[in-house]
Amino acid sequence: MPHDTISRLAGAFIIAAGIAGSGGAALAKSGIVIGLQQEPTSLDPTTDATASIDGMLTHNVYESLTTVAENGEVLPDLAESWTVSADGLTYVFKLAPDVTYHDGSALDSADVLFSFARAMADDSVNPTKSIFAPIESVTAPDPLTVEIMLKKKDAFLLFNLAQGDASIVAEETAATNNTAPVGSGPFKFDSWTRGDRLKLAKYAAHRDAANVALETVEFRFISDPAAASASLLAEEIDAFPGFPAPELLPQFQADPRFRVNIGSTEGEVILAMNNSKPPFDDIRVRRAISYALNRAEIIDGAMYGQAVPIGSFYPPHGPAYVDLTGAYPHDVEKAKALFAEAGVAGATMTIRTPPFPYATRSAEIIQAELTAAGIDAKVENVEWGFWLDEVYKKQNYDMTIIAHTAPNDMSNFARGPKYFYGFDEPDFNDLWTRISEEADPAAREELLKEGQRYLTDQAVHGFLFQMPLLGVFKTGVEGFPASQPVLFTPLAGVHWK
Amino acid sequence: MAFFIFRRCVGFVLTLLAVSVVVFAVMNILPGDPALTILGLDASEDALAALRAQLGLNDPAPVRYVSWIVNAVQGDLGRSHSFGVPVFGLIGERLGMTVALAVSGMVVTVALALVMGIGAASNHRRFGDWGVMFLSQIGIAMPAFWLSILLVLLFAVKLRWLPPGGFPGWDDPVAAIRALILPTVALALVQSAVLARVTRSSALEVMRLDYVRTARASGFSRQRVLWRHVLPNALAPIVTIVGMQFASVVTGAIVIENVFYLPGLGRLIFQSIANRDLPTVQALVMMFAAIVVAANFIVDILYALIDPRLKGRM
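Protein sequence lines correspond, in order, to chains W and R. Every letter in the first sequence is one number past the one before it in the working numbering, and letter 377, counting from 1, is 377. Every letter in the second sequence is one number past the one before it in the working numbering, and letter 24, counting from 1, is 521.
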């Protein structure tokens, strides 16, 4: 049936039967309904790593000492200002005055001490405890001053303190934040219907409340891509900032009711190789695999063209990026020759793939590419819990495909032989120590470039593409970050035009 | 009859016990680490160890099983590893959604199937019969998942008559019922296809019997004979299938909940298995097992009501 006939029929029916109801209507223009694919099981970013906790709550409900702008710049948040000593070991933070939690209690330096002590304690279950590892002591000379002493220099400290893992919480509410979060941010927690939706409301007493346009925010958890697409088309939701299906984007791009954003994230997607396991401990094999990969084909097939290729382990939007995508141009003959030289021509190699569309689709294409280079490539799709245990924890794999979403995660390559890469090069460990201690941004960028070249030269992994940030928004919704250098999505600047 | 009920109750308990052992064993053999799932890829070893201790994962598996069973018997299902709240409440807040969906799905299934099945039987080898057989063939072949997407595209996206998913809660009954219509239809269309065929053949069988002809000959109307004389005697196989279908309606509801993003038990069980949340998975599987066993039990009781001849054999 042609489109207009159905619409007309529908119109007639609605008028005649009067059952129009409120189904498709959005909230008033001071509210927004946001779709999310992943629902967390806890609402406390300091005890659970689920990305959507940060996505919904970090810097919306919770605040940290610092925050990070869309361009990656560190900005003041709960700390209005700070000074760093000449030796780079002492940080003095001045807290914003008169900050209150959503329950009305005051936030001062005692809360900062509590939050840090909790994250650094022996029995701490903070998901990124490494942020706090360089810290020697935290003291509070007065209610609005916090002094952090470091054991060793840490160029990433201010950036890391912006993360949800370093949220400042009150001792009284820390234990119940997993179900009823209390923070100091521009939005306060309203309700959570597990399995369905989470609601926030504007916190009128926030120091920046005058600049916050939204009165209410409602997150809806829609895991199925087809359902996500339908709920947007039915105008049940206003925004899907992390849209899960690149193949469904064209229909939104063609529809004037929607605006599509294609930005970047910190997620490097790699074909990880188990560097400690033969034959992947042989650099000729790793290079052969790199030559066998055709990134353009992988991006077209797995991401419907919506991704930027990478040649090393650093995001293309970062200030220190060097384009190394040409280091191993797609060359089947060269790959075959190197495989033969290493004595593995025709060998069986298995890609154990976690259950994410980008990974399973990439795996199928890479399987074909490796087969073309004379390898008996197999794909084994595994479930996420299995992947974490077998691939990540036990290093029981040949190759896998995974997106590393954390910022500044080149440090992964310095995590030693027990990390699932099985990569342990003293040269790189030294380089990473220098990077993490280099206070001068220009000098650090040079070192980061050196790091990228090193990883590419060693062909540690097959570097595939940067995970894009695909967003679908109802026309008129403005202020969502176009790219995400961090895991959180601040909503304070989101508004309807 | 009393002995029959007693025997079934013992069987019920033994079944649940067996299920609990199997689930516990599978969840322990399955690769996976709840602490790692919660704390993610950047977690340090000591944070993982602290969380494992907090969740009580360091005790040997048999000790954990026995303490779980002892607590469960006393009505304490434990605390969810990933949600950090009591499992009892977690299931309680979702149960209503799944029950509402399963019951409405079952009611619509039975109503549709009886009308279509009896209708087909009374129009045997005529157009109505072929139509029903054709439609039910399509219904059987159609995955509920795919049908759901089609229904959403037509009624929510194109026509905008009904919401594409989500559940607003019972505070607004009209909105709640509107939200249930598409999931119920998606669930019932597929299920009723099977049942309609059983109803048809069962009714056809009975219609061949002499007493039906006698009833018609003594002047009862066609419809009266069909619904008052044929249907009661054709019910036994229908009830058997309904009982078996109840289990598949409940599992079907789990799939449907994911397509229509309804906050029921289906999404909870998916999430809990992915998170290796043993206490929650354990409780949910036990509950589903209990529902299925209970449904079969009710079917057996219904037999006795439908067919008095079976009473003596129980």
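Think of the CB as a built atom: it goes at the ideal place given N, C-alpha and C, for glycine as much as any other residue.
Legend entry - Minimum Cβ-Cβ distance from arginine 575(R) to chain W less than 8 Å: Correcting the residue identity first, residue 575(R) is glycine in this sequence and not arginine. It does not: the Cβ of glycine 575(R) has no partner Cβ on chain W nearer than 8 Å.
Legend entry - Interface partners of glutamate 590(R) on chain W, CB under 9 Å: Simply Thr193, Arg194 and Gly195.
Legend entry - Contact set for phenylalanine 580(R): own chain, Cβ-Cβ below 8 Å, skip 5 residues either direction: Counting only Cβ-Cβ distances below 8 Å, and skipping sequence neighbours, we find Leu587, Asp774 and Thr777.
Legend entry - glutamine 466(W) vs glycine 267(W) beta-carbon contact at 8 Å: Against a cut-off of 8 Å, the Cβ pair of glycine 267(W) and glutamine 466(W) comes out as a contact.
Inset, instruction - Assign proline 490(W) to buried or exposed, taking buried as 16 or more other Cβ atoms, counted over all protein chains shown, within 10 Å of its Cβ. - result: So proline 490(W) counts as buried.
Legend entry - Touching by the beta-carbon criterion (3+ pairs, under 8 Å), the segment 673–687 of chain R and the segment 601–616 of chain R: By the Cβ rule, the segment 673–687 of chain R counts as touching the segment 601–616 of chain R, because three or more pairs are nearer than 8 Å.
Inset, instruction - Can you have a look at isoleucine 635(R) and say buried or exposed, based on whether 16 or more other CB atoms are within 10 angstroms of its CB? - result: Burial call: exposed.
Inset, instruction - For alanine 599(R), decide whether its Cβ has a neighbour in chain W, counting only Cβ atoms nearer than 8 Å. - result: No, alanine 599(R) does not count as interfacial toward chain W.
Legend entry - Buried versus exposed, by CB contacts within 10 Å (16 or more), proline 244(W): Sixteen is the threshold: when 16 or more other Cβ atoms of the shown chains lie within 10 Å of the Cβ of proline 244(W), as they do, the residue is buried.
Inset, instruction - Counting only the same chain and skipping the five closest in sequence on each side, list residues whose C-beta sits under 7 Å from that of alanine 618(R). - result: Within the same chain, alanine 618(R) has close Cβ partners Arg697, Ala700, Leu701 and Met704.
Legend entry - Cutoff 7 Å; reference valine 416(W); Cβ partners in own chain excluding five residues on either side: Before going on, a small fix: residue 416(W) reads as glycine here, not valine. Asp424.
Inset, instruction - Give a yes or no on whether 8 Å exceeds the smallest Cβ distance from glycine 385(W) to chain R. - result: Chain R contact via Cβ: present.
Inset, instruction - Count the CB pairs spanning the segment 358–371 of chain W and the segment 296–305 of chain W that are closer than 8 Å, and state whether there are at least three. - result: Taking one beta carbon from each stretch, the segment 358–371 of chain W and the segment 296–305 of chain W have 3 or more pairs nearer than 8 Å; the two touch.
Legend entry - Integer-rounded CB distance, given that isoleucine 262(W) should sit under 8 Å from leucine 470(W): Taking 8 Å as the upper bound for CB-CB distance, leucine 470(W) and isoleucine 262(W) are in contact here, some 6 Å apart.
Legend entry - Cα-Cα separation, alanine 117(W) to serine 231(W): Alanine 117(W) and serine 231(W): Cα-Cα distance of roughly 43 Å.
Inset, instruction - Determine, using beta carbons only, whether valine 112(W) comes closer than 8 Å to chain R. - result: For valine 112(W), the nearest beta carbon of chain R is not closer than 8 Å to its own beta carbon.
Legend entry - phenylalanine 221(W) at chain R interface by Cβ criterion, 8 Å: Phenylalanine 221(W) counts as touching chain R.
Inset, instruction - Tell me whether tryptophan 667(R) is buried or exposed, calling it buried when 16 or more other Cβ atoms sit within 10 Å of its Cβ. - result: Per the 10 Å Cβ criterion, exposed.
Inset, instruction - Would you please verify whether the beta carbon of phenylalanine 488(W) is less than 8 Å from any beta carbon of chain R? - result: So, not an interface residue.
Legend entry - Proximal residues to valine 80(W) (C-beta, below 6 Å), its chain only, five neighbours per side dropped: A small fix is needed here, since residue 80(W) is glutamate in this sequence, not valine. Cβ contact annotation for glutamate 80(W) (same chain, cutoff 6 Å, sequence separation greater than five): Lys94 and Ala96, in chain order.
Legend entry - Cα-Cα separation, alanine 547(R) to lysine 334(W): Distance between the alpha carbons of alanine 547(R) and lysine 334(W): 49 Å.
Legend entry - 3-residue-minimum beta strand (DSSP E) runs that sit fully inside the segment 69–146 of chain W, ordered along the chain: Residue ranges of uninterrupted beta strand (DSSP E) with 3 or more members, entirely inside the segment 69–146 of chain W and ordered along the chain, are 74–76, 79–84, 90–95 and 135–142.
Inset, instruction - Taking alanine 540(R) as the query, report the chain W residues whose CB atoms sit under 8 Å from its CB, ordered along the chain. - result: Ala49, Pro127, Thr128 and Lys129, listed in chain order.
Legend entry - C-beta neighbour in chain R for aspartate 398(W), strict 8 Å: Output row for aspartate 398(W): interface = no.
Inset, instruction - For threonine 179(W), go through chain R and note every residue whose CB falls closer than 7 Å to its CB, in chain order. - result: Near threonine 179(W) (Cβ distances below 7 Å), the residues of chain R are Val582.
Legend entry - Inter-stretch contact at 8 Å, needing at least 3 Cβ pairs: the segment 370–378 of chain W / the segment 344–353 of chain W: Under the 8 Å Cβ criterion, the segment 370–378 of chain W counts as touching the segment 344–353 of chain W, having at least three qualifying pairs.
Legend entry - alanine 25(W) versus glutamate 236(W) - alpha carbon distance: Residue placement at alanine 25(W) cannot be trusted, given a pLDDT of 43 that sits under 50; what the coordinates show is reported in the next sentence. Taking the straight line joining both Cα atoms gives about 7 Å.
Inset, instruction - Could you tell me the distance, in whole angstroms, from the CA atom of threonine 173(W) to the CA atom of phenylalanine 509(R)? - result: Cα-Cα distance, rounded: 44 Å.
Inset, instruction - Note down, in chain order, every chain W residue with its Cβ under 7 Å from the Cβ of isoleucine 646(R). - result: Chain W residues near isoleucine 646(R): Ala226.
Legend entry - Extent of the continuous beta strand (DSSP E) to which methionine 273(W) belongs: Element bounds for methionine 273(W): 258–273.
Inset, instruction - Answer yes if the segment 454–468 of chain W comes into contact with the segment 308–316 of chain W, meaning at least three C-beta pairs across the two stretches below 8 Å, and no otherwise. - result: With a cut-off of 8 Å on Cβ pairs, the segment 308–316 of chain W is in contact with the segment 454–468 of chain W, counting three or more such pairs.
Inset, instruction - Can you give me the Cβ contacts of tyrosine 397(W) inside the same chain, cut-off strictly under 6 Å, excluding the 5 residues immediately before and after it? - result: If you ignore the 5 residues before and after tyrosine 397(W), its C-beta comes within less than 6 Å of the C-beta of Asn274, Arg352 and Val391, all in its own chain and listed in chain order.
Inset, instruction - On the DSSP bridge assignment, give the partners of histidine 404(W) in chain order. - result: Bridge partners of histidine 404(W): Glu268(W).
Legend entry - Reduced DSSP category for serine 191(W) - H, G, I as helix; E, B as strand; rest coil: In this structure, DSSP gives serine 191(W) an extended state, which the three-state scheme calls strand.
Inset, instruction - Determine the burial state of serine 290(W): buried for a count of at least 16 other Cβ atoms within 10 Å of its Cβ, exposed for fewer. - result: The residue in question, serine 290(W), is buried, as its Cβ has 16 or more Cβ neighbours within 10 Å.
Inset, instruction - Use the C-beta contact count for glycine 23(W): other C-beta atoms within 10 angstroms, 16 or more gives buried, fewer gives exposed. - result: Because the pLDDT of glycine 23(W) is 40, which lies under 50, any placement of that residue in the model is unreliable, and the question is left without a value.
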